[in-house]
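Everything on this sheet refers to the single structure shown next.
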Ligand code: C2E
Ligand code: CA
Ligand code: CA
């Protein structure tokens, strides 16, 4: 299939765009989650800093009460601190390891849990002899042998950890012991996979633990709108790209490239004098050898060029290429020859045809080479002042005009009156089978009569056999062209044959 490669490229592009788009989305989702988690960690730290800050204030104030006594005044003072400072649950006064005064129990005597001594200022307890049912965060301030233990109910801390529970769960870690949002206390070695922030004020950290790794399903669930959008945009872009590739391969695009890259080559078909068979002229017929598609017929690309405004570039290219092909030749050695270029109505739209003819004349001045133009009657040449001016200039340059495809269109007489050509070219449609088809013979006879009447010479094209040739000679046609004499040949070969200038029968 002609567009197979383009379709494969476009489908590949579609998948690449989808893969690129969704990976970008996935990456963005992870980055956003990370940023959000970092914000949450900072928010938790600042809240916990303020809770522990209150405990620290309570602890430092209570150190003034450390005198081994637990009288009413001391008890009232520590209860007042518990009541006035937010988040503080208990205050206990200790002498060595002996807890002698508590905001909950008043004057007591406990031997306190020893594992945190001597110097830890902050620790997590799953239970304590003071308050066995609750886990506690304890803030510990020492003053010599004595110390104050301020308890903060973990309920406050759990609340903070719970607030941001989502795709991550959050834990607080103090000295290798962690507390999670459900109140569990466990030993924790912080691993690399955890996002951890440490407090700058107190010795603890908060970490985020992913609850479940991000799966394709959760990705789809949270981003399906945007994923669908990426698929739609990728599809749209791929279709546009496919259209572009198809356009690139279209005849028009290829033709423009061929003109730009000089891929069109002029071939020349000899025109011979009817009786002698001597070459007296040649018709330039462009050949397009496409590197991939091979030989493309002018019947395909000329109408396309006419429709798309490219034909005058082809005419110019043809004339310039022919000039290049005889540049190295000794033109003085050539016999009298007219080279006919096919032109279209569009060629008369500006001065480029005139300029090309002028440069042909310049290169062939004082030689026997002449330039002629074959104007098809199938497309009418506009009868405007500008066109008349161009024709006048062409005439002054000595450019010979020939009415091409005579009888096949509908403006043959108009063309004769308007351009006053020197030659009338009888189309191959009428010369083929002329020996047997009486209708065609009658038409050719008419054309010859019109030519005589208008003072024109006749060229019959499409002569393929000796019998055709004889018939046309007998009917009084002046010049002949066709496969019987020669197929169109490369310009260099044409000039070589012209130099030998022998009668031309293949
Ligand atoms: P056309 O002007 O009628 O040219 C004659 C066509 O008949 C040429 O076809 C030629 O190769 C072919 N031909 C010559 N002798 C014989 C023969 O004995 N038998 C048969 N069956 N055919 C013969 P080609 O080269 O394919 O060109 C087709 C048409 O394309 C031309 O028809 C002409 O209208 C157009 N064309 C070619 N080159 C140019 C160009 O440079 N500019 C313009 N405007 N038209 C061009
Ligand atoms: Ca022609
Ligand atoms: Ca023709």
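In UniProt numbering, the protein residues as written are 1 to 506. Quick reminder that beta carbons are idealized off the backbone N, C-alpha and C, glycines included. All values reported here derive from a predicted model rather than from experimental measurement.
Helix, strand or coil: which one does DSSP assign to residue 270?
-> As a working mapping, residue 270 is identified with position 270 in the chain shown. It is a strand residue.
Note the first and the last residue of the continuous alpha helix (DSSP H) segment covering residue 155.
-> For this step, residue 155 is matched to residue 155 along the chain shown. 154-163 is the span of the alpha helix (DSSP H), which, as asked, contains residue 155.
Determine the direct distance from the alpha carbon of residue 158 to that of residue 109, and round the result to whole angstroms.
-> Here residue 109 is taken as the residue at index 109 of the chain shown, counted from 1. Here residue 158 is taken as the residue at index 158 of the chain shown, counted from 1. Approximately 30 Å, taken between the alpha carbons.
Any chance you could list the alpha helix (DSSP H) runs of at least 4 consecutive residues sitting entirely within the segment 190-254, in chain order?
-> 216-249
Within 10 angstroms of its Cβ, does residue 114 collect 16 or more other Cβ (buried), or is it exposed?
-> Within the chain shown, residue 114 is the residue found at index 114, counting from 1. Bear in mind that the predicted position of residue 114 carries a pLDDT of just 49, short of 50, making it unreliable; the figure below should be weighed with that in mind. So residue 114 counts as exposed.
Cβ-based burial, residue 372 [other Cβ within 10 Å; buried from 16] | Against the chain shown, residue 372 aligns to sequence position 372. Buried, since its Cβ has 16 or more Cβ neighbours within 10 Å.
Taking 7 Å as the line, does the beta carbon of residue 292 fall inside it for any heavy atom of ligand 1?
-> By one-based count along the chain shown, residue 292 stands at place 292. Not under cutoff, so the answer is no.
Contact set, ligand 3 heavy atom to C-beta under 7 Å | 404, 405, 425, 427, 428 and 461
Where are the beta strand (DSSP E) runs, 3 residues long or more, that stay fully inside the segment 293-323, in chain order?
-> 294-296
When burial is assigned at 16 or more other CB atoms within 10 Å of the CB, is residue 505 buried or exposed?
-> Walking along the chain shown from the start, residue 505 turns up at place 505. For residue 505, the pLDDT reaches just 39, beneath the cut-off of 50, and the residue's location in the model is therefore unreliable, although a value from the coordinates is still provided. When all chains shown are included, residue 505 counts as exposed.
Spatial neighbours of residue 342 within its chain, please: CB distance less than 6 Å, with the 5 preceding and 5 following residues excluded, ordered by chain position.
-> In the chain shown, counting from the first residue as 1, residue 342 sits at position 342. The residues are 374.
Tell me whether the beta-carbon of residue 239 lies closer than 8 Å to the beta-carbon of residue 3.
-> One-based indexing of the chain shown puts residue 239 at position 239. One-based indexing of the chain shown puts residue 3 at position 3. No.
From what residue to what residue does the beta strand (DSSP E) around residue 123 run?
-> The sequence position of residue 123 within the chain shown is 123, counting from 1. Taken as a continuous stretch (DSSP letters only), the beta strand (DSSP E) holding residue 123 covers 122-125.
Mind reading off the beta-carbon distance from residue 430 to residue 450? Whole number of angstroms is fine, and I expect it under 8 Å.
-> The residue given as residue 430 occupies position 430 in the chain shown. The residue given as residue 450 occupies position 450 in the chain shown. Wrong, their Cβ atoms sit about 13 Å apart, outside the cutoff.
With a threshold of 7 Å, establish whether the CB of residue 289 neighbours any heavy atom of ligand 1.
-> Position 289 of the chain shown holds residue 289. No - ligand 1 has no heavy atom lying nearer than 7 Å to the Cβ of residue 289.
Does the separation of the CB atoms of residue 527 and residue 311 fall below 8 Å?
-> A question about residue 527 goes unanswered here, because the residues of the chain that appear run from 1 up to 506.
Endpoints, beta strand (DSSP E) assigned at residue 108 = For the purposes of this step, residue 108 is taken as the residue at position 108 of the chain shown. Here the beta strand (DSSP E) through residue 108 covers 106-111.
Among 356, 350, 196 and 404, the one whose alpha carbon lies nearest that of residue 382 | The residue labelled residue 382 in the question sits at position 382 within the chain shown. Ranking the options by Cα distance to residue 382, first place goes to 350.
Touching or not, the segment 265-281 and the segment 471-489, by the rule of three or more beta carbon pairs under 8 Å?
-> yes
Which residues in the same chain as residue 415 place their Cβ atom closer than 6 Å to its Cβ, once the five residues preceding and following it in sequence are excluded?
-> Looking up residue 415 in the chain shown gives position 415. Only 377 and 403 meet the Cβ criterion.
Could you pull the start and end residues of the alpha helix (DSSP H) that residue 364 belongs to?
-> Residue 364 sits at position 364 when you count from the first residue of the chain shown. Unbroken alpha helix (DSSP H) run through residue 364: 352-364.
Hey, which unbroken runs of the alpha helix (DSSP H) at 4 residues or more fall wholly within the segment 399-438?
-> 412-419 and 428-431
Kindly list the residues whose CB is nearer than 8 Å to the CB of residue 329, restricted to its own chain and excluding five residues on each side of it in sequence; keep chain order.
-> Residue 329 sits at position 329 when you count from the first residue of the chain shown. The residues are 495 and 499.
Cβ pair residue 387, residue 348 closer than 8 Å | Numbered from 1 along the chain shown, position 387 holds the residue referred to as residue 387. Numbered from 1 along the chain shown, position 348 holds the residue referred to as residue 348. Going by C-beta atoms, residue 387 is nearer than 8 Å to residue 348.
Taking C-beta to C-beta, are residue 263 and residue 289 nearer than 8 Å?
-> Counting from 1 along the chain shown, the entry for residue 263 is found at position 263. Counting from 1 along the chain shown, the entry for residue 289 is found at position 289. A contact, by the Cβ cut-off of 8 Å.
Any heavy atom of ligand 1 closer than 7 Å to the CB of residue 302?
-> Counted from its first residue, the chain shown places residue 302 at position 302. Answer for residue 302: yes, Cβ within range of ligand 1.
Kindly list the residues whose CB is nearer than 8 Å to the CB of residue 182, restricted to its own chain and excluding five residues on each side of it in sequence; keep chain order.
-> Position 182 of the chain shown, counted from the first residue, corresponds to residue 182. Result list for residue 182: 158, in chain order.
Check the DSSP bridge columns for residue 381 and list the partner residues they point to.
-> As a working note, residue 381 is residue 381 in the chain shown. According to DSSP, residue 381 bridges with nothing at all.
Check each candidate in 96, 170, 187 and 167 and name the one with the smallest Cα separation from residue 144.
-> Counting from 1 along the chain shown, the entry for residue 144 is found at position 144. Looking at the Cα atoms, 96 is the closest of the given residues.
Pick helix, strand or coil for residue 178, following the three-state DSSP scheme.
-> Residue numbering aside, residue 178 sits at position 178 when the chain shown is read from its first letter. Residue 178: strand per DSSP, three-state reduction.
What number of angstroms, rounded off, separates the C-alpha of residue 153 from the C-alpha of residue 55?
-> Residue mapping note: residue 153 aligns to position 153 of the chain shown, counting from 1. Residue mapping note: residue 55 aligns to position 55 of the chain shown, counting from 1. When rounded, the distance between both Cα atoms is 11 Å.
So what's residue 15 in DSSP terms, helix, strand or just coil?
-> Taking the chain shown and counting its residues from 1, the one referred to as residue 15 is at position 15. Looking at residue 15 - three-state DSSP - the assignment turns out to be helix.
heavy atom of ligand 1 below 7 Å from residue 262 C-beta | Position 262 of the chain shown, counting from 1, holds the residue named residue 262. No, the beta carbon of residue 262 sits no closer than 7 Å to any heavy atom of ligand 1.
From 172, 171, 92 and 168, pick the residue whose C-alpha is nearest to that of residue 141; which is it?
-> Here residue 141 refers to the residue found at position 141 when the chain shown is read from its first residue. Comparing Cα positions, the closest option is 92.
Closest Cα partner of residue 197 within the set 447, 367, 162 and 172 | The sequence position of residue 197 within the chain shown is 197, counting from 1. Measuring from the Cα of residue 197, the nearest candidate turns out to be 172.
Determine which residues share a DSSP beta bridge with residue 93 and list them.
-> Within the chain shown, numbered from 1, the residue matching residue 93 stands at position 93. For residue 93, which the question treats as bridged, DSSP gives the partners 101 and 148.
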